[in-house]
Amino acid sequence: MLPFIGNLSLIIALIFAASAIIIPLISQGPTRFVGNAVIGQFIFSAGSLGILIYGYIISDFCISNVYHNSHISKPLIYKIAGAWANHEGSILLWVNLLAMINIIFLIFSKLDIYSRMKILQLQSLIFAGIIGFIIFVSNPFNLIEPTPISGKGLNPLLQDIGLAMHPPALYLGYVCSSVPFATFLWSLIKKEFPQTLAIHMHSWILATWSFLTIGIGLGSSWAYRELGWGGFWFWDPVENSSLMPWLLATALVHSNLLVIKRGILVNWTILLAIFTFLASLLGTFLVRSGILISVHSFANDPKRGVYILCYFTIIAIISLGIFALRSGNFGTRKQLSLLSQEAGIFFNNLYLFTLFITICLGTIYPILYQYISGNSISVGEGYYVKTFIPITLGLLIFCGFFSTIRHKNNNFTIKYLFITSFSLVFVMAISYQYPKASIISYLALFAGMFLLSAMVLDYFAKIEIHKCDMTLTLDKVKGLSRSYNAMMISHIGLAILAIGITMASTWDHEIDGELKEGTTLKLANYTAQLKGLELKKIHNYVAVVADLYVEKSGNEIGHLKPEQRFYNVEKSQTSESAIHSVFLEDFYISMSEFSPSNNSILVRLFIRPFMSLIWIGAVILSFGGLYSLLFVPRRSL
Amino acid sequence: MPLNKKLRLNFIILFLCFFSPAIWLILDNFSDNIVFFYSPTDIKMQKISQAKIIRIGGLVKEGSIKRSNLDLEFIVTDLSNDVKVKYNGIAPTLFREGQGAVVKGKLSANEFIASEILAKHDENYMPKEVADSIKKQGQWRP
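Protein sequence lines, in the order shown, are assigned to chains A and B. Residue 206 in this note's numbering sits at position 206 of the first sequence, with consecutive numbering throughout. Residue 1017 in this note's numbering sits at position 17 of the second sequence, with consecutive numbering throughout.
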């Protein structure tokens, strides 16, 4: 019964989408019908997701999807989140979020009704393609006969709170990028690009960027806690495919500001919006089609690959075709001073686009290569380290330089000399404490510090802190424009993130070892002693919990308890790391290979200095985006 | 107002100064970092340089895992041919006998010295490349 209702609901949603596309083409003039159809799309796609989740909650194993990915003994939270832990369910989540933001756009957008309907018509086209994909080749409501008594369970790696948060946040970012995409396409079709359009779209661009940032950050912290390798970024193709739209969205946030302020770079901004959405589609489907081999990828079905490829090609040809035919119409040509914030945005876009190309090449090339030659290749981490990082360092320095540049500034040289020398002193101080690293690490620290100090100095100058007048300073703080604050917050977050990543990945060290009860393992000034092993039965797994007593330079840190979990249903195991995190460094233990015969375990100890800076930086960075989205007044949806 | 020609030229020059090192970086590093994948049969049939880092994959042969402290030794098979693999360190949790595995490292005389064991699987715990190479040998029994 459930699968039938679920399927019916999907088909009704498709009918609503099809009518939203077709009926305005037949009948003349502006019609409110599209709006109603969009509401229908939302209700019925939400209905089918609700039914799938309900199927998971009551463990209805006649649904093949539930049988393959769930089990009665699974905790409730993973039954709910388990609905999108597989290919079919995740696409259903994607399409639901798309329907949801269409409703938000319908209700809150300040565009005229005719434009809104036309844009939603385009959105319905995107929606219809995906819902068709769900119904015809990736149906989550397929039946299994006879109904199994018990399910196969969910990959234990996915049984983590990250599953409940990371995919929805990332997908929200992906689908938000469809609104500027459709809106700018509409402006191309209409051959007019009013300045207000860029203002309207800025909220959506910010939403795209903020949710992508949050999604990537959550994914990274999940990998750090769960994968047991102590790493936070692996240059895995799937991670890269979420980084691609993020880089483009970052460029778009900046270039759209130029459109708003100066009316320049209009065509480029439209193209970026198109690319961002295409990269979002690629990000979703590269992961979900099984083309990529990674921890994220699901079983491959050639029919799906073909459908997705066709869908992607159609969207790409339509959008880029319209752009090619119509883009000549817009844009004013104005003078741009080379030493101005506007010029800075120009460079920002160059940098980010280059980074995008770098990642794109490394991610797409192996797929193309395999299709052409049949041999499987992968691009090693070394490629990204040697290309992405040096280019990023330039970006950071340019960012620090251009976002603090002022027109009315006579002590220009002194200011940047001061920032440069301050950053140099910082790097020297660090190199005293943390010697023996490659030149690129010190350069990265310099770049991060350059950005940070440039931003902070600029802020201090703005609030006139040097006058040592508390009331004046407070007045100045209140008087700062909110868009300036947002820029300040995000750039400071970026600087902190860059410094954190450099510290944590340069001066990390690790050791692997075998521990028996009472024996100790040393890493730098840490010692870990195995006090005992304990067997625990929890929910749907059995865990061996190691009790490790940790000391640092003879001072007690406490007991850290990493686990190895055995999932009986899935016949699989995971390791849960234990992390002692203070501001200065993370001490990380993961265990594996508990051997019952001699009561020993293998452990890996990790030290990652300033790991917390990465999370702090990421939080500040995304907060800047959300702050701008929610509190900067001039915007409307 | 037409864009000042001199300014435009400045931008183009800056653009080139900026882009050419980036492109040089990308091209210079790209080919060096491509890692090829081989099945145990490929290793037997082809001459593969011992200097290059490669990935090999297959099933971990039942009963082949030998461990002493941190030294790990096992056999990777595509059910037609075998390769002996040596590794020092902790294997990922999903690494088990009878399961698919992909290892990265270098070939030496007649064994493979692994620097990394990749435990990236789909929901059926089978790396796609391993499945493909076993299918190629006609030994696929899902």
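Note that CB positions come from ideal geometry on N, CA and C, so glycine has one too.
Within-9 Å CB hit, residue i to chain D
i, result
"Phe606 of chain A", "Chain labels in this structure do not include chain D; the protein chains are A and B."
Per-residue DSSP class, three states only, for residue i
i, result
"Tyr549 of chain A", "strand"
"Asn555 of chain A", "strand"
"Arg1055 of chain B", "strand"
"Arg482 of chain A", "helix"
"Asp112 of chain A", "coil"
"Pro609 of chain A", "strand"
"Asn139 of chain A", "coil"
"Asn349 of chain A", "helix"
"Leu338 of chain A", "coil"
"Phe61 of chain A", "coil"
"Phe623 of chain A", "helix"
"Gly263 of chain A", "coil"
"Gly1100 of chain B", "strand"
"Ile103 of chain A", "helix"
"Gln573 of chain A", "strand"
"His200 of chain A", "helix"
"Gln1046 of chain B", "coil"
"Leu1118 of chain B", "strand"
"Glu563 of chain A", "strand"
"Thr1093 of chain B", "coil"
"Ile1113 of chain B", "strand"
"Thr208 of chain A", "helix"
With 16 other Cβ atoms within 10 Å as the buried cut-off, status of residue i
i, result
"Trp1024 of chain B", "exposed"
"His202 of chain A", "buried"
"His509 of chain A", "exposed"
"Val1083 of chain B", "buried"
"Ile91 of chain A", "buried"
"Pro435 of chain A", "exposed"
"Ser297 of chain A", "Summary for Ser297 of chain A: the model assigns pLDDT 42, below 50, so the residue's position carries little reliability; its value from the coordinates is reported in the next sentence. Classification for Ser297 of chain A: buried."
"Pro140 of chain A", "buried"
"Ser219 of chain A", "Note that residue 219 of chain A is Gly in the sequence shown, not Ser. The residue in question, Gly219 of chain A, is buried, as its Cβ has 16 or more Cβ neighbours within 10 Å."
"Gln433 of chain A", "exposed"
"Val582 of chain A", "exposed"
"Lys1135 of chain B", "exposed"
Cβ of residue i within 9 Å of any chain B Cβ
i, result
"Phe346 of chain A", "yes"
"Leu630 of chain A", "no"
"Ile293 of chain A", "Note that Ile293 of chain A has pLDDT 45, beneath the 50 cutoff, so the model's placement of it is unreliable and the number below is only indicative. With 9 Å as the cut-off, Ile293 of chain A counts as an interface residue toward chain B."
"Pro596 of chain A", "no"
"Ser577 of chain A", "no"
"Gln573 of chain A", "yes"
"Gln564 of chain A", "yes"
"Asn513 of chain A", "Looking at the sequence provided, one finds Gly at residue 513 of chain A rather than Asn. For Gly513 of chain A, the answer is yes, since a Cβ of chain B falls inside 9 Å of its Cβ."
"Trp229 of chain A", "yes"
"Glu88 of chain A", "no"
"Glu145 of chain A", "no"
"Glu593 of chain A", "yes"
"Leu548 of chain A", "no"
"Leu157 of chain A", "yes"
"Val179 of chain A", "no"
"Leu278 of chain A", "no"
"Leu424 of chain A", "no"
"Val253 of chain A", "no"
Test: residue i CB closer than 9 Å to a CB of chain A
i, result
"Ala1022 of chain B", "yes"
"Leu1009 of chain B", "no"
"Ile1026 of chain B", "yes"
"Glu1062 of chain B", "no"
- Taking only beta carbons into account, state which residues of the region 350-382 of chain A come closer than 7 Å to chain B, listed in chain order. Leu350, Thr354, Thr358, Leu361, Asn375, Ser376, Ile377, Ser378, Val379, Gly380, Gly382
- Could you run through the region 1066-1093 of chain B and flag, in chain order, every residue whose CB is less than 9 Å away from some CB of chain A? Arg1067, Asn1069, Leu1070, Asn1088, Gly1089, Ile1090, Ala1091, Pro1092, Thr1093
- Task: Would you list, in chain order, the members of the region 114-142 of chain A that have their beta-carbon closer than 9 Å to a beta-carbon of chain B?
- Result: none
- Query: Which ranges does the alpha helix (DSSP H) cover as unbroken runs of at least 4 residues, wholly within the region 399-445 of chain A, from first to last along the chain?
  - Reply: 412-433
- Residues within the region 1097-1118 of chain B neighbouring chain A, beta-carbon criterion of under 7 Å: none
- Query: What residues in the region 1030-1059 of chain B have a beta carbon less than 8 Å from any beta carbon of chain A?
  - Reply: Phe1030, Asp1032, Asn1033, Ile1034, Val1035, Phe1036, Phe1037, Ile1053, Arg1055
- What residues in the region 382-403 of chain A bring their beta carbon closer than 7 Å to a beta carbon of chain B? Residues passing the 7 Å Cβ filter: Gly382, Tyr383, Lys386, Thr387, Pro390, Ile391.
- Message: Going residue by residue through the region 361-406 of chain A, where are the continuous alpha helix (DSSP H) segments of at least 4 residues, counting only ones entirely within it?
- Response: 381-402
- Would you list, in sequence order, the uninterrupted alpha helix (DSSP H) runs of no fewer than 4 residues that lie entirely inside the region 458-542 of chain A? Within the region 458-542 of chain A, the complete alpha helix (DSSP H) segments of 4 residues or longer fall at 470-479, 482-506, listed in chain order.
- Any residues in the region 488-509 of chain A with a beta carbon nearer than 9 Å to a beta carbon of chain B? Which ones, in chain order? none
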